[in-house]
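Peer 1: Numbering (this note's numbering), first residue to last: 179 to 498. Glycine included, each C-beta is placed from N, C-alpha and C at the ideal position. Before anything else, here's the structure in question.
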């Protein structure tokens, strides 16, 4: 039986990405500043109905910045689905608000609108409903019609979590264009990857203006951190090709020696803040992200092919 290789080994990275990363490694003067961040923001904006786009060092910091802009307090409730990554409730905790978990639909793994209604009705006295994070799990759009109707009735600021859904549509319209804001991720296991990175998409013009100056003042990440991300396509590809012949141990050693970064720190897994504060997406990683964005249709098609294979292979398994 074939054994699964972990998805953190950059499944979208190909030979052309390795070649680009290698070329960028020998151009350290271009790592932090350049034109690729602005061009990536423009290209994402065109794909998302003209939303104001801010490219950042991670999707979780994109979520953190939009939550900070809402000026949330301890009793302010932010609703999110219970089946999610620690990177979603983490930013809610970092800004001092209260995450409120909502059950999911078993068919799509996205938030159940009926469960949201019940959760809102049972909210303790003194809690103030402020924001709703709608997660499009595994690229499957949530039930936006009902969830947006509930959000409107309760005056909730809506943030779409498109970390795994770049390129997905709902009723023919791209996800990320329905709420007040959206986040996307370019992490190593996402639809497109620059190893680390993400973006904040803001449709609300007042909110966009409110946060634009703060985001413009963010520095680029340190060169050592950028070096770790540029090394990842090279080392992860080599580890993937030799995984069961020792590549997995070389990968772990590279992380322990600090040659590669980890997707999540131990502090974040416990709900704590990451060591790296919010930064803008550096030029080198924006270049990697753009190179993959141009191949988005190819990646989506490959995911659909793989999904079909799973469905067909498991069709006769009664427990699935």
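Where does residue 233 fall in DSSP's three states?
Peer 2: Looking at residue 233 - three-state DSSP - the assignment turns out to be strand.
Peer 1: Classify residue 248 as helix, strand or coil using the three-state DSSP reduction.
Peer 2: Reduced to three states, the DSSP call for residue 248 is coil.
Peer 1: Looking at C-beta atoms only, is the number of pairs between the region 205-213 and the region 337-348 that lie closer than 8 Å three or more?
Peer 2: Segments in contact, no.
Peer 1: Using the Cα positions of residue 273 and residue 384, report the straight-line distance between them to the nearest angstrom.
Peer 2: Between residue 273 and residue 384, the C-alpha separation is close to 20 Å.
Peer 1: Under the rule that 16 or more other beta-carbon atoms within 10 Å means buried, what is residue 457, buried or exposed?
Peer 2: Looking at its Cβ environment, which holds 16 or more other Cβ atoms inside 10 Å, residue 457 is buried.
Peer 1: Going by the CB atoms, is the gap between residue 307 and residue 135 shorter than 8 Å?
Peer 2: This structure does not reach residue 135, given that the chain is present from 179 up to 498, and the question cannot be answered.
Peer 1: Does DSSP classify residue 258 as helix, strand or coil?
Peer 2: Correct three-state label for residue 258: strand.
Peer 1: How would you call residue 378, buried or exposed, if buried means at least 16 neighbouring beta carbons within 10 angstroms?
Peer 2: Burial call: buried.
Peer 1: Beta strand (DSSP E) containing residue 377: first to last residue?
Peer 2: It spans 376-380 - the beta strand (DSSP E) in which residue 377 sits, taken as one unbroken run.
Peer 1: Which same chain residues, not among the five before or five after residue 514, have their C-beta less than 7 Å away from its C-beta?
Peer 2: This structure leaves residue 514 out entirely; the chain is present only between 179 and 498.
Peer 1: Assuming residue 244 contacts residue 359 (C-beta within less than 8 Å), just tell me the rounded distance between them.
Peer 2: With a Cβ gap of about 5 Å, residue 244 and residue 359 count as contacting.
Peer 1: Have a look at residue 320 and residue 446 and give me their C-alpha separation to the nearest angstrom.
Peer 2: Straight-line Cα distance between these residues: approximately 26 Å.
Peer 1: Going by DSSP, which residues form a beta bridge with residue 311?
Peer 2: Answer by DSSP bridge pairing, in chain order: 337.
Peer 1: Is it the case that the region 430-439 contacts the region 403-411, given that we only count it when at least three CB pairs across the two stretches are under 8 Å?
Peer 2: With the cut-off at 8 Å, the region 403-411 and the region 430-439 touch.
Peer 1: In this structure, how does DSSP classify residue 179 when only helix, strand and coil are distinguished?
Peer 2: With a pLDDT of 45 at residue 179, under the threshold of 50, the modelled position of this residue cannot be trusted; read the value that follows with caution. Looking at residue 179 - three-state DSSP - the assignment turns out to be coil, as it is neither helix nor strand.
Peer 1: Rounded to whole angstroms, what is the Cα-Cα separation between residue 290 and residue 495?
Peer 2: Approximately 26 Å, taken between the alpha carbons.
Peer 1: Using the beta-carbon count (16 or more within 10 Å), is residue 151 buried or exposed?
Peer 2: This structure leaves residue 151 out entirely; the chain is present only between 179 and 498.
Peer 1: Using only the alpha-carbon positions, how far apart do residue 267 and residue 380 sit?
Peer 2: Their backbone Cα atoms lie some 20 Å apart in a straight line.
Peer 1: According to DSSP, simplified to helix, strand and coil, what is residue 284?
Peer 2: In the structure shown, residue 284 sits in coil (DSSP, three-state: anything other than H, G, I, E or B).
Peer 1: Leaving out the 5 sequence neighbours to the left and right, which residues in its chain are closer than 7 Å to residue 190 when beta-carbon positions are compared?
Peer 2: Around residue 190: 370, 371, 470, 477.
Peer 1: So the candidates are 232, 435, 228, 197; which of them puts its Cα closest to the Cα of residue 216?
Peer 2: Of the candidates 232, 435, 228, 197, the one whose C-alpha sits nearest the C-alpha of residue 216 is 232.
Peer 1: If we count the other Cβ atoms within 10 Å of its Cβ and call it buried at 16 or more, is residue 452 buried or exposed?
Peer 2: So residue 452 counts as buried.
Peer 1: So who's on the other strand from residue 191, going by DSSP bridges?
Peer 2: BP columns for residue 191 are empty, so no partner.
Peer 1: Specify the secondary structure class of residue 362 as computed by DSSP and reduced to three states.
Peer 2: If DSSP states are grouped into helix, strand and coil, residue 362 belongs with the strands.
Peer 1: Is residue 242 buried or exposed, if buried means 16 or more other CB atoms sit within 10 Å of its CB?
Peer 2: Classification of residue 242: buried, given that the 10 Å Cβ count is 16 or more.
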